[in-house]
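Positions 0 to 599 (numbering that gives the first Met the number 0) are the ones given, in order, by the sequence shown. For each residue, glycine too, the CB sits at the ideal point set by N, CA and C. Remember, it's a predicted structure, so these values are computed and weren't measured experimentally. Just below is one structure, and these are the notes that go with it.
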Amino acid sequence: MCGIVGYIGQQDTKDILLTGLEKLEYRGYDSAGIATLNDKGVNVSKVKGRIATLREAVDESIKSTQGIGHTRWATHGVPSELNAHPHQSTSGRFTIVHNGVIENYVDVRDEYLENVELKSDTDTEIIVQLIEVLHNDMNDVAAAFRKAVELLTGSYAIALLDAENEDTIYVAKNKSPLLVGLGDDFNMVASDSMAALHVTDQFLELMDKETVIVRRDGVEIQKLDGTKVSREPFTAEIDSSDIEKGTYPHFMLKEIDEQPFVIRKIIQEYQDENDNIKLDADVRAAMKACDRIYIIAAGTSYHAGLLGKQFIEKLANIPVEVHVASEFSYNMPLLSENPLFVFISQSGETADSRSVLVQTKELGHPALTVTNVPGSTLSREADYTLHLHAGPEIAVASTKAYTAQMAVLAILAVDTARAKGIELDFDPMQELGIVANTMEALADQKEKFEDLAREYLQTTRNCFFIGRGTDYYVGLEGSLKLKEISYIQAEGFAGGELKHGTIALIEEGTPVIALATQENVNYSIRGNVQEVEARGANSMIISMKGLDKEGDAFVIPQVHELLTPLVSVLPMQLISYYAALHRDCDVDKPRNLAKSVTVE
Ligand code: M6R
0 MCGIVGYIGQ QDTKDILLTG LEKLEYRGYD SAGIATLNDK GVNVSKVKGR IATLREAVDE
60 SIKSTQGIGH TRWATHGVPS ELNAHPHQST SGRFTIVHNG VIENYVDVRD EYLENVELKS
120 DTDTEIIVQL IEVLHNDMND VAAAFRKAVE LLTGSYAIAL LDAENEDTIY VAKNKSPLLV
180 GLGDDFNMVA SDSMAALHVT DQFLELMDKE TVIVRRDGVE IQKLDGTKVS REPFTAEIDS
240 SDIEKGTYPH FMLKEIDEQP FVIRKIIQEY QDENDNIKLD ADVRAAMKAC DRIYIIAAGT
300 SYHAGLLGKQ FIEKLANIPV EVHVASEFSY NMPLLSENPL FVFISQSGET ADSRSVLVQT
360 KELGHPALTV TNVPGSTLSR EADYTLHLHA GPEIAVASTK AYTAQMAVLA ILAVDTARAK
420 GIELDFDPMQ ELGIVANTME ALADQKEKFE DLAREYLQTT RNCFFIGRGT DYYVGLEGSL
480 KLKEISYIQA EGFAGGELKH GTIALIEEGT PVIALATQEN VNYSIRGNVQ EVEARGANSM
540 IISMKGLDKE GDAFVIPQVH ELLTPLVSVL PMQLISYYAA LHRDCDVDKP RNLAKSVTVE
């Protein structure tokens, strides 16, 4: 979590840093700060709160062409001005911003910083104080920086200013993402290319345990032992307009509306001119060769994984296990002889998933990452990648990435089935085309979902989602969407499981949202709705054409039964959006959260 940015060039740096930080705010937004350097020294501005508050706090009169900035999601120490980055060494000579978690910060503090009075509760301050202590001995900033980095364990993306050097930003990276942006007479560093797209589209990728000396007229990448590394830049493919809200009030609403386009893009990207599935032959071979698939993911991506299991087992006849990444790392199940690990991650940066990837790579198992960010850590470190083509997802609540994940997994399942010689009466591209049209029809009925949100969720403290089969999985996603952005306590349950405990929570007026889009469980889920209604629940049924009954709150047009989750989730997303809006919540940046969870 957290986002860092740095600039060294000819322009005044404040606005470049602040604009960059605004683009990184999705990574954390509880406090923020910038430090700029000029011939009078370093000037630091920090606030508790968002970049908008920081903008107001920054002294406009100070001019500088070199600086670093940070937007924070607290890990060590409460969100406060004191704990906000940048942090400075005792003498004020060194100033640092950091994204990541220093695991051995207590050991470093006890061994090297006995005589240093620390000002904050952060692990980050340990790094900058360590650099100063080492520099006092070594008298060489670059060497002290490298030595400090060598002593750290954990994850870090670091940018450091030296008040006595107006032509360098020192940078290091391990496990946390970091890129160098290249310009004609300037260079930048940023956690994500989005933070620098307003000035350049040329970037250098950094590998773990590399340091970089960033100057106005060039950059020098080094390994920790000082050996130089040369690397070609790449052109970022994101269009800067993709990361603007345009006329939408929130990114979440924009991204919900983008879903039909994303599905059509996926059809286009995964189909060749003969209408065959276009997929990396190595991915196909890996799918064919494995005897069991282990899907590893977190949050919404985990929910997409549950549906991916359905596609792969039903179509390609390969057993699939779906695991929450943070649990798998510490409690690995017995593995099959030829497993294939499939990591599903919008960002490709989720630390919990990455830690499983590291573990399973050590065991020699092949890995496929399904991600929206092909250059991301999970993508780089896995053997194969499938791209979601969803475009940047900015709202913390994932919407279009979820449906894209399901679409790509469905295509993968069909491709594997065909590769194994299994005959299918299912044309994924044609069916996904119908899904895209249906999504459009649903997105056009926003007033209906706004009314349902008002009627059922305006004042409630809790809400239950129930379903059976794949509807249960979509209910889990619906409950996650609702709780994370509206703060209504929302839980998803398998309809048949209610009577085994949960039904005790149903009271007069408790909202229960039931999904009824599956023929084989239509009768039984409706029975479960009767049971909660008999205990006072205020229930709403979202059903599918052909399975609908009088009184259903909303009937979704019919799509292929396997693909119903791609459309039945839209009502969940829109109802959650409007519930949050009616409650005056910050839809795109809910409290305590960040878009990519890069700490375990
Ligand atoms: O980037 P990832 O898909 O790996 O992120 C995993 C979860 O943190 C993420 O899906 C999270 O649950 C969503 N933002 C919730 O809407």
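Rounded separation between residue i and residue j - CA only
| i | j | result |
| --- | --- | --- |
| Ile524 | Val321 | 24 Å |
| Tyr155 | Val4 | 13 Å |
| Leu385 | Ala34 | 39 Å |
| Thr52 | Asp547 | 50 Å |
| Glu348 | Glu490 | 26 Å |
| His559 | Ala442 | 19 Å |
| Gly363 | Ile311 | 23 Å |
| Thr516 | Phe342 | 28 Å |
| Thr210 | Thr123 | 17 Å |
| Tyr25 | Gly68 | 15 Å |
| Asp450 | Val105 | 53 Å |
| Gly307 | Lys445 | 28 Å |
| Leu133 | Ser344 | 39 Å |
| Ile294 | Ala143 | 42 Å |
| Thr18 | Ala394 | 17 Å |
| Lys146 | Ile505 | 59 Å |
| Asn527 | Asn521 | 10 Å |
| Leu580 | Met251 | 11 Å |
| Asp585 | Leu112 | 41 Å |
| Ala440 | Ala350 | 37 Å |
| Ala284 | Ala296 | 22 Å |
| Leu205 | Ala366 | 21 Å |
| Leu339 | Leu387 | 19 Å |
Nearest-angstrom Cβ-Cβ length linking residue i and residue j, presumed shorter than 8 Å
| i | j | result |
| --- | --- | --- |
| Met193 | Thr597 | Met193 to Thr597, Cβ: 15 Å. No contact. |
| Thr64 | Gln9 | 6 Å |
| Ile292 | Val261 | That pair is no contact at about 24 Å. |
| Val100 | Gly153 | 5 Å |
| Leu160 | Leu36 | 5 Å |
| Ile255 | Pro391 | About 15 Å separates the two Cβ atoms, so there is no contact after all. |
| Thr459 | Pro427 | The pair is not a contact, with the Cβ atoms about 39 Å apart (cut-off 8 Å). |
| Gln258 | Thr402 | 5 Å |
Residue j beta carbon less than 8 Å from that of residue i
| i | j | result |
| --- | --- | --- |
| Ser175 | Ile130 | no |
| Gly508 | Arg467 | no |
| Tyr169 | Ile212 | yes |
| Ala418 | Tyr577 | no |
| Gly477 | Met331 | no |
| Val531 | Leu497 | yes |
| Ile465 | Ala513 | yes |
| Ala303 | Leu408 | yes |
| Ala412 | Leu431 | no |
| Asn164 | Val148 | no |
| Ile157 | Ile61 | no |
| Pro564 | Thr469 | yes |
| Ser325 | Ser346 | no |
| Val43 | Gly27 | no |
| Trp72 | Ala593 | yes |
| Ser352 | Leu334 | no |
Beta-bridge pairing of residue i - partner residues as DSSP gives them
| i | result |
| --- | --- |
| Ser538 | Val511 |
| Gln309 | Note: Gln309 sits in no beta bridge, so no partner. |
| Asp161 | Phe93 |
| Met187 | Tyr6 and Gly180 |
| Val43 | Ala34 |
| Tyr383 | Leu367 |
| His69 | Ile3 and Gly32 |
| Ser344 | Thr370 |
| His86 | Ile95 |
| Cys462 | Ala489 |
| Pro259 | Paired residue(s): none; Pro259 is not in a bridge. |
| Lys227 | Gln221 |
| Leu339 | Ile292 |
Residue-level contact to chain C via CB, residue i, 8 Å cutoff
| i | result |
| --- | --- |
| Ala533 | Structure shown: chain C not included; a single protein chain is present. |
For the stretch 431-448 against the stretch 263-273, are there 3 or more C-beta pairs whose distance is under 8 Å? yes
Just checking, does the stretch 533-549 make contact with the stretch 217-225 on the three C-beta pairs under 8 Å criterion? no
Just checking, does the stretch 372-382 make contact with the stretch 420-434 on the three C-beta pairs under 8 Å criterion? no
Contact between the stretch 196-207 and the stretch 177-184 (3+ Cβ pairs under 8 Å): yes
Across the stretch 79-88 and the stretch 44-62, are there enough close Cβ pairs to call them in contact, namely three or more that are closer than 8 Å? yes
Counting Cβ pairs, one atom from each stretch, are 3 or more of them under 8 Å apart for the stretch 220-232 and the stretch 366-377? no
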